[in-house]
Amino acid sequence: MTCRTTGRALSRGAVALAFVVALVALGGCSSDPNSIAEQAKKGDQKGYIAGNGAIEQIPSAQRLKPITLEGTTLDGAHWSSTSARGKDVVVINLWGSWCPPCITEIPDLEKVWTEVQAAKKPVMFMGIDFRESAERGSAFVATQKMTYPSLTDESGVLILAFGRQAPTSPPSTLILDREGRVAGRVSGVVSAATLRGLIDDVLDS
Amino acid sequence: MTDIQQPKLSALGWARWAWRQLTSMRTALFLLLLLAVAALPGSIWPQRSIDPVRTANYIADHPRIGPWLDRLGFFEVYASPWFSAVYLLLFLSLVGCVLPRLRVHVRALRTPPPRVPARLARLEHHRELSVDLPPAEVLAQARVVLGRRYRVATTDKTLSAEGGYGRETGNLLFHVALLGIIVGVAIGHIFGWKGDVIVPVGTGFANTEIRYDTIQYGPRVNPRDFTPFSLTLDKLTVTFEDQVGGRGQFGSPRQFVADVTTHARPGAPGVRQTLAVNHPIEMDGATVFLLGNGYAPVITVRDKDGKVLYSQATPFLARDNNYTSSGAVKVSGASPKELGFFGNFLPTGVITDDQGPISIFPDARDPALALGLYEGELAPGGDGGSVYTLNTEKMTQVKADSGDILRIWLKPGETMKLPGDRGSITFDRVERWAGLSIRHDPARWLTLGSALLALGALIAQLTIKRRRVFVRVAPGDGATLVTLGALSKSDDAGLGDVLDKIGAAITSSAGSPRHTPPRQTPVRGSNR
Chain G
1 MTCRTTGRAL SRGAVALAFV VALVALGGCS SDPNSIAEQA KKGDQKGYIA GNGAIEQIPS
61 AQRLKPITLE GTTLDGAHWS STSARGKDVV VINLWGSWCP PCITEIPDLE KVWTEVQAAK
121 KPVMFMGIDF RESAERGSAF VATQKMTYPS LTDESGVLIL AFGRQAPTSP PSTLILDREG
181 RVAGRVSGVV SAATLRGLID DVLDS
Chain B
1 MTDIQQPKLS ALGWARWAWR QLTSMRTALF LLLLLAVAAL PGSIWPQRSI DPVRTANYIA
61 DHPRIGPWLD RLGFFEVYAS PWFSAVYLLL FLSLVGCVLP RLRVHVRALR TPPPRVPARL
121 ARLEHHRELS VDLPPAEVLA QARVVLGRRY RVATTDKTLS AEGGYGRETG NLLFHVALLG
181 IIVGVAIGHI FGWKGDVIVP VGTGFANTEI RYDTIQYGPR VNPRDFTPFS LTLDKLTVTF
241 EDQVGGRGQF GSPRQFVADV TTHARPGAPG VRQTLAVNHP IEMDGATVFL LGNGYAPVIT
301 VRDKDGKVLY SQATPFLARD NNYTSSGAVK VSGASPKELG FFGNFLPTGV ITDDQGPISI
361 FPDARDPALA LGLYEGELAP GGDGGSVYTL NTEKMTQVKA DSGDILRIWL KPGETMKLPG
421 DRGSITFDRV ERWAGLSIRH DPARWLTLGS ALLALGALIA QLTIKRRRVF VRVAPGDGAT
481 LVTLGALSKS DDAGLGDVLD KIGAAITSSA GSPRHTPPRQ TPVRGSNR
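What follows is the structure, encoded as structure tokens:
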């Protein structure tokens with residue numbers, strides 16, 4: 001009898017030990033609370049995934065193939081990024097009037113846009129109004145006094161033009177060099193100083 | 001009481017002991033039971049991977065127990081350490097069980113059938129007969145009857161055969177299939193992803209991370225690798241049962257069909273396809289499912305000069321079976337103060353005394369919008385909250401000229417002037433939205449194949465019988481004395497028939513049967 005009881009106690013102990021070991025081992029796999037998966041799991045229905053503010057600069061030699069962004073502006077005109085090829089650096093800003101952090105960065109973008117125009121730098125700005133109707137976007141542009149144009153992209157199809165360099169969260173800012181290659185990316189809110197620096201680096205490269 | 005001396009176990013001894021415990025049938029069954037029990041909380045508490053909103057609400061509603069349940073993994077049962085522990089142990093237990101049995105089975109397949117027992121008459125099933133046939137001929141006949149499903153070994157005077165190896169093969173395959181399912185599910189978790197989007201009719205969707213409303217992917221998934229397909233929702237047909245006593249319950253959904261145009265990549269030609277419940281569309285690298293639907297009233301808000309501030313099909317989320325749907329219209333383009341409408345869309349709207357405006361039928365028979373209006377700051381401090389509700393922290397409710405709270409009640413085509421030069425709101429028409437779920441599970445065929453294999457193997461295991469059949473011939477006085485015997489490892493109702501068939505074949509080929517009844521039932525006092 002003693003033998004059997006001991007055996008059972010031992011097997012129970014072994015199971016408990018295995019359990020603790022597994023718990024500790026798996027507990028180590030914690031993940032970044034700001035990752036997209038974690039944000040989705042929060043369940044706050046904010047309807048978008050916030051950027052983490054990461055800034056990426058791509059040296060000339062490492063840039064991928066030129067991209068062609070093509071669409072209709074909020075005013076109804078056709079625009080293609082090929083029109084700037086060989087002439088201008090293009091700053092592309094992804095925004096939506098429903099996205100609060102996008103609204104916060106607009107004054108900074110507007111400021112830099114005014115500066116580059118005043119300095120006659122070969123730079124153009126193009127927004128992408130993401131996931132809302134053109135009417136809603138235009139009304140917002142008018143009240144915010146945004147002076148640079150924006151493409152309308154209610155369904156998100158324009159984003160596919162960026163391929164593997166697609167922005168992953170609004171707001172996002174991408175800079176295309178004169179050849180149309182992605183030369184810099186900001187995921188999240190961009191400040192005027194950061195944007196200025198990124199533009200100048202691309203102009204010099 | 002005597003002292004029982006326990007043998008001392010070395011580390012290796014302990015490891016061997018633990019392995020034997022783990023791989024025992026008892027442990028495997030216990031783990032299987034534990035797995036079922038461990039999965040139970042997943043159906044009791046809301047799961048973050050399935051419905052993050054409900055989970056967040058549950059935790060908010062249960063401030064005391066919610067955080068603890070969260071810490072213990074009850075809202076992510078299938079990713080919790082304790083669930084994984086059971087899962088992995090079961091996996092190990094299965095592997096540890098299958099491997100040694102596989103070795104034994106392979107050995108059994110290679111060794112010839114055992115020699116014929118000395119006294120066949122002792123077997124439960126046996127026959128004796130004497131025939132005018134040379135012994136070699138008798139054995140040849142038996143061999144023909146046994147056919148190819150038995151492995152046969154013969155000597156001059158005996159034949160032993162063994163068949164039904166498929167039983168053990170089926171059993172092993174069943175276990176291997178279980179392993180296949182476990183591996184398949186694991187691969188799906190690690191390399192798979194799943195995203196959800198709400199797409200109003202007339203708009204579209206592009207397969208890029210940013211476009212998803214919610215997305216979850218395994219640790220080895222890079223969203224940059226998503227294939228660049230896109231889809232436009234051209235039409236969504238939804239019908240509800242409107243006959244009392246019809247085929248379905250009154251008001252229950254009868255049909256959801258979405259007509260879509262898909263593009264494999266930007267610039268590729270559009271392909272018209274039909275998407276329905278249980279009829280997904282296969283795109284390169286992902287499968288698109290139609291999961292939900294709802295209403296997206298097209299609402300236009302104008303300022304006092306008639307300039308459009310907002311015009312869009314605005315998705316409202318259904319709250320009950322009659323699609324009483326709630327949502328918000330956030331007019332961030334309004335000035336000087338931003339405007340926020342909130343309230344309900346009612347596909348078949350009535351105003352009741354006790355519940356206020358509600359919908360009484362899920363189809364859009366008499367649609368109406370019942371809204372209230374707030375003004376102020378939509379996103380104080382950059383936090384707008386949900387797109388379906390208003391964050392009214394920095395907003396005040398707008399009152400009608402009469403001084404009461406402003407209540408907006410609109411039917412399609414109607415426009416209402418807002419008080420105090422705030423412009424107007426128009427309910428243009430009703431659109432529907434489709435809730436799409438886009439999934440990629442690289443191992444789903446492995447999982448399906450394994451599940452089918454498990455079923456087939458189980459059937460094989462239950463129907464195939466492991467049998468041994470023996471024949472011995474002895475030259476008698478002018479005739480050949482034949483003894484047949486059979487043995488089965490389990491209950492086997494058909495065992496006697498095998499012997500009868502062999503006996504019949506032998507006697508019929510001998511021509512003139514001289515049948516001797518079996519000796520196991522000697523009839524005393526018979527006049528033979």
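Residue numbers (full-length UniProt numbering), protein chains in the order written: chain G, 1 to 205; chain B, 1 to 528.
Even for Gly, the Cβ is constructed at its ideal location relative to N, Cα and C.
Remember, it's a predicted structure, so these values are computed and weren't measured experimentally.
C-alpha distance - residue i paired with residue j, whole-angstrom precision
i: Val-24/G; j: Ser-386/B; result: For Val-24/G, the predicted model reports a pLDDT of 45, less than 50, meaning its position is unreliable; a value from the coordinates is still stated below. Distance between the alpha carbons of Val-24/G and Ser-386/B: 36 Å.
i: Asp-204/G; j: Ala-166/G; result: 24 Å
i: Pro-41/B; j: Ile-190/B; result: 22 Å
i: Phe-229/B; j: Pro-297/B; result: 27 Å
i: Asp-500/B; j: Val-144/B; result: 14 Å
i: Gly-197/G; j: Ser-191/G; result: 10 Å
i: Pro-67/B; j: Pro-46/B; result: 13 Å
i: Ala-56/B; j: Ala-38/B; result: 22 Å
i: Arg-514/B; j: Asn-171/B; result: At Arg-514/B the pLDDT is 48, less than 50, meaning the model places this residue with poor confidence; the figure from the coordinates comes in the next sentence. Arg-514/B and Asn-171/B: Cα-Cα distance of roughly 43 Å.
i: Gly-267/B; j: Pro-442/B; result: 27 Å
i: Pro-100/B; j: Ser-93/B; result: 12 Å
i: Gln-57/G; j: Ala-313/B; result: 38 Å
i: Lys-121/G; j: Ala-276/B; result: 53 Å
i: Glu-431/B; j: Val-257/B; result: 15 Å
i: Cys-29/G; j: Pro-219/B; result: With a pLDDT of 43 at Cys-29/G, under the threshold of 50, the modelled position of this residue cannot be trusted; read the value that follows with caution. Distance between the alpha carbons of Cys-29/G and Pro-219/B is about 10 Å.
i: Met-395/B; j: Arg-302/B; result: 20 Å
i: Gly-413/B; j: Arg-429/B; result: 6 Å
i: Ile-438/B; j: Asn-293/B; result: 15 Å
i: Trp-98/G; j: Lys-330/B; result: 7 Å
i: Ile-159/G; j: Gly-340/B; result: 29 Å
i: Ala-193/G; j: Ala-54/G; result: 15 Å
i: residue 529/B; j: Ile-299/B; result: What is shown of chain B runs 1 to 528, which leaves residue 529/B out entirely.
Residue i in three-state terms, based on DSSP
i: Ala-25/G; result: Low confidence applies to Ala-25/G: its pLDDT is 45, below 50, so where it sits in the model is not reliable enough to give any reading.
i: Met-146/G; result: coil
i: Glu-70/G; result: strand
i: Asp-3/B; result: coil
i: Arg-439/B; result: strand
i: Gln-216/B; result: strand
i: Asp-234/B; result: strand
i: Tyr-388/B; result: coil
i: Ala-118/G; result: helix
i: Ala-360/B; result: Sequence inspection shows Ile at residue 360/B; the Ala mentioned does not correspond to that position. Looking at Ile-360/B - three-state DSSP - the assignment turns out to be coil, as it is neither helix nor strand.
i: Lys-399/B; result: strand
i: Phe-205/B; result: strand
i: Trp-45/B; result: coil
The alpha helix (DSSP H) enclosing residue i, as first and last residue numbers
i: His-126/B; result: Element bounds for His-126/B: not the alpha helix (DSSP H) but the beta strand (DSSP E), 125–131.
i: Trp-82/B; result: 81–110
i: Gly-449/B; result: 444–463
i: Gln-355/B; result: It is not in any alpha helix (DSSP H) - Gln-355/B carries neither H nor E in the DSSP assignment.
i: Asp-259/B; result: It is not in any alpha helix (DSSP H) - Asp-259/B instead sits in the beta strand (DSSP E) that spans 253–263.
Host beta strand (DSSP E) of residue i (start-end)
i: Phe-162/G; result: Looking at the DSSP string, Phe-162/G is not in any beta strand (DSSP E), and its letter there is neither H nor E.
i: Gly-195/B; result: 193–200
i: Leu-290/B; result: 286–302
i: Tyr-374/B; result: 368–376
i: Gly-496/B; result: Where Gly-496/B is concerned, there is no enclosing beta strand (DSSP E), although the alpha helix (DSSP H) it sits in stretches over 495–510.
CB contact flag (residue i, residue j, <8 Å)
i: Leu-436/B; j: Leu-236/B; result: no
i: Arg-181/G; j: Leu-69/G; result: no
i: Gly-306/B; j: Ala-142/G; result: no
i: Arg-254/B; j: Thr-239/B; result: yes
i: Arg-136/G; j: Tyr-295/B; result: no
i: Val-482/B; j: Val-473/B; result: yes
i: Leu-390/B; j: Ala-368/B; result: no
Closer than 7 Å: residue i CB and nearest the ligand ZN heavy atom
i: Asp-204/G; result: With respect to the ligand ZN, the structure shown offers nothing to examine, as it has no ligands at all.
Problem set entry | Positions along the region 56–79 of chain B whose CB lies within less than 7 Å of some CB in chain G | Residues passing the 7 Å Cβ filter: Ala-56.
Problem set entry | Residues of the region 424–457 of chain B with Cβ closer than 8 Å to any Cβ of chain G, in chain order | none
Problem set entry | Residues in the region 199–210 of chain B having any Cβ partner in chain G nearer than 7 Å | Thr-203, Gly-204, Phe-205, Ala-206, Thr-208, Glu-209, Ile-210
Problem set entry | Residues of the region 135–149 of chain G with Cβ closer than 9 Å to any Cβ of chain B, in chain order | Glu-135, Arg-136, Gly-137, Ser-138, Ala-139, Phe-140, Val-141, Ala-142, Thr-143, Gln-144
Exercise. Between the region 251–282 of chain B and chain G, which residues of the former have a C-beta closer than 9 Å to a C-beta of the latter?
Worked result: Contacts with chain G (Cβ-Cβ distance below 9 Å) from the region 251–282 of chain B involve His-263, Arg-265, Pro-266, listed in chain order.
For this session: Please list the residues of the region 64–83 of chain G that have a C-beta atom closer than 7 Å to any C-beta atom in chain B, keeping them in chain order.
Result: none
Problem set entry | Contact list for the region 86–101 of chain G against chain B, Cβ threshold 7 Å | The residues in question are Ser-97, Trp-98, Pro-100, Pro-101.
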